[in-house]
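According to the working numbering, numbering within the sequence shown proceeds without interruption in unit steps and concludes at 398.
Here a beta-carbon is modelled for each residue, glycine too, at the ideal position from N, C-alpha and C.
From a predicted model like this one, the values you see are computed outputs, not experimental measurements.
Have a look at the structure below, then the notes.
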Amino acid sequence: MGRETALARTEAIYERIRRIVPRAEWIGFADDVDAILRLKRERNAVILAHNYQTPEIFHGVADLVGDSLALARMARDTEAEVIVMAGVHFMAETAKLLNPDRTVLIPDMEAGCSLADSITPADIRALRAAHPGLPVVTYVNTSAAVKAESDICCTSGNARAVVESLGVPRVIMLPDEYLARNIAAETDVEIVTWPGHCEVHERFTPAEVRELREAYPGVVVLAHPECPPDVVAEADFSGSTAGMSAYVATHKPPRLVLLTECSMSDNVALGHPDLDFIRPCNLCPHMKRITLGNIRRALEENRHEVTIETGLAAPARRAVERMLAVA
Ligand code: SF4
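What follows is the structure, encoded as structure tokens:
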């Protein structure tokens, strides 16, 4: 009876994603979706979901969706008392930095990121010592402790604007080596890099792009700038997840492939039923730790609350706010 009621109450949501999610799967999701919708009302909570979340989260329970930059702005501006981050840990930390009076929850504390794990505050201090006077531009995919050592943050959506806003000929940009090299190719600013990589995007290869073009004639290839530069060079367009969404909405390529995390393709494809999305699938295991079940438990049990060490909050917030003032 409870399941049937939940199914009836969530039918309108299911209609939006039925092209991607089979009915049999939705039957397993409906009870959690129904409970999450109720808990959000009871707790005055919002769910912020990254573009890499699965469709039942992204289209089923999220209030606000987007890339890291959009999520940071939404987190700063929300009036809700509780923010549930359906994303990875550094995103929840960024939300807490920008809206410290809110309760920020992450459904799984182990939802990490290979880029965030690739660098420590001590590494930044060593880089500064090796390159005295150079400003440090830090990708938001880092811990609050690393942000606190930085001059300014950036996302893949605003990295070039941030680098150029500094008005200097040389900067340190970390930890994503490929993002830094891809931005260096677009600007006259010289960039000192760090050997961090996204474990999802580094798996794409130029040979794979060529094979896709051969197998799917006319395919338009969109690549995330966390992909290696030789992959980006083979693509027709490179941009952040928001940039790729905007490209699809504007250009409507009849056949396309997004070289990024595979749920992103599912989520964009739902808005464009007339386009033929080719979907090679590279999953982010960290993003996939977030499920409807642990979002529900996060709201029921108020877990896991994200906090920032007192001494780190002010300098880390300054680096993020400086970025938001640029973009
Ligand atoms: S997709 Fe890459 S950059 Fe994004 S959270 Fe996963 S490991 Fe980190």
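Exercise. N338 to R87, Cα distance in whole Å?
Worked result: Approximately 11 Å between the Cα atoms of the pair.
Exercise. At a cut of 8 Å, does the region 83-103 reach the region 115-124 through at least three beta carbon pairs?
Worked result: No, because fewer than three Cβ pairs between the region 83-103 and the region 115-124 fall closer than 8 Å, the two stretches do not touch.
For this session: Check G137 in the structure and name its three-state DSSP category.
Result: Assignment of G137 by DSSP, reduced to helix, strand and coil, places it in the strand class.
For this session: Go through the region 105-137 residue by residue and report every complete run of the beta strand (DSSP E) that reaches 3 residues or more, in order.
Result: Qualifying beta strand (DSSP E) stretches, in chain order: 116-121 and 135-137.
For this session: Could you check the C-alpha separation between V291 and L327 for me, to the nearest Å?
Result: Distance between V291 and L327, taken at the CA atoms: about 5 Å.
Exercise. Near P324, which residues of its chain fall below 6 Å by C-beta distance, leaving aside the five closest residues on each side in sequence?
Worked result: The residues are V291.
Exercise. So with Cβ pairs under 8 Å, would you call L168 a contact of chain D?
Worked result: Absent here is chain D; the protein component of the structure consists of one chain.
Exercise. From W97 to S316, what distance separates their C-alpha atoms?
Worked result: Near 26 Å, if we compare the C-alpha coordinates of S316 and W97.
Exercise. What's the gap between the Cα of T76 and the Cα of V117?
Worked result: If I take the Cα positions, the gap works out to 23 Å.
Problem set entry | Cα-Cα separation between E189 and R80, rounded to whole angstroms | Note that residue 189 corresponds to Ser in the displayed sequence, not to Glu. Cα to Cα, the separation comes out at about 44 Å.
Exercise. Less than 7 Å between the CB of C224 and some heavy atom of the ligand SF4, yes or no?
Worked result: Proximity of the beta carbon of C224 to the ligand SF4 is not indicated: no heavy atom of the ligand is located closer than 7 Å.
Exercise. Should the region 385-392 be called in touch with the region 209-224, which here means at least 3 C-beta pairs below 8 Å?
Worked result: Judged by Cβ distances under 8 Å, the region 385-392 makes contact with the region 209-224, as three or more pairs qualify.
Problem set entry | Burial state of P266 (16 or more Cβ within 10 Å) | Exposed: under 16 other Cβ atoms inside 10 Å.
For this session: Consider the C-beta atom of Y249 and the heavy atoms of the ligand SF4; say whether any pair is separated by less than 7 Å.
Result: For Y249, the distance from the CB to the nearest heavy atom of the ligand SF4 is not below 7 Å.
For this session: Confirm, please, whether the CB-CB distance from L169 to S200 is below 8 Å.
Result: Sequence check: residue 200 is Ala here, not Ser. Going by C-beta atoms, A200 is not nearer than 8 Å to L169.
Problem set entry | Beta-bridge partners of M156, as assigned by DSSP | Beta-bridge pairing links M156 to L119.
Problem set entry | Bounding residues of the alpha helix (DSSP H) (the contiguous stretch that carries A294) | That residue, A294, is in no alpha helix (DSSP H); its beta strand (DSSP E) goes V291 to A294.
For this session: Could you spell out where the alpha helix (DSSP H) holding D301 opens and where it closes?
Result: Counting along the chain, the alpha helix (DSSP H) containing D301 begins and ends at P300 to E305.
Problem set entry | C333 in three-state terms, based on DSSP | Looking at C333 - three-state DSSP - the assignment turns out to be helix.
Exercise. What whole-angstrom Cβ distance do T249 and P299 have, given they're in contact under 8 Å?
Worked result: Per the sequence presented here, residue 249 reads as Tyr, with Thr not at that position. Confirmed, about 5 Å.
Exercise. Should the region 339-351 be regarded as contacting the region 363-377, the criterion being three or more beta carbon pairs within less than 8 Å?
Worked result: Result no; under three Cβ-Cβ pairs closer than 8 Å.
For this session: Compare the C-alpha of D347 against each of R360, N365 and V319 and name the closest.
Result: Taking only the C-alpha atoms, the option nearest D347 is V319.
For this session: Going by CA-CA distance only, name the one from I223, T165, D105 and A306 that's closest to G73.
Result: Of the candidates I223, T165, D105 and A306, the one whose C-alpha sits nearest the C-alpha of G73 is D105.
For this session: Work out the CA separation of L119 and A166 for me, nearest whole Å.
Result: When rounded, the distance between both Cα atoms is 10 Å.
For this session: Could you tell me the distance, in whole angstroms, from the CA atom of P178 to the CA atom of A369?
Result: So the alpha carbons of these two residues sit roughly 5 Å apart.
For this session: Drop a sphere of 10 angstroms on the beta-carbon of N253, count the other beta-carbons inside from all chains shown, and report buried for 16 or more, exposed for fewer.
Result: Looking at its Cβ environment, which holds 16 or more other Cβ atoms inside 10 Å, N253 is buried.
For this session: Look at the Cβ atom of H295, then the Cβ atom of S311, and state whether they are nearer than 8 Å.
Result: Yes.
Exercise. Can G158 and M358 be called in contact, C-beta distance under 8 Å?
Worked result: A contact, by the Cβ cut-off of 8 Å.
Problem set entry | For T209, the first and last residue of its enclosing beta strand (DSSP E) | It spans V207 to Y210 - the beta strand (DSSP E) in which T209 sits, taken as one unbroken run.
Exercise. Of the residues H272, D194 and T174, which one's Cα is nearest the Cα of I379?
Worked result: Nearest to I379 by C-alpha distance, out of H272, D194 and T174, is T174.
Problem set entry | Selected residue, minimal CA-CA separation from G131, among L237, G382, I195 and G364 | Ranking L237, G382, I195 and G364 by Cα distance to G131 puts G364 first.
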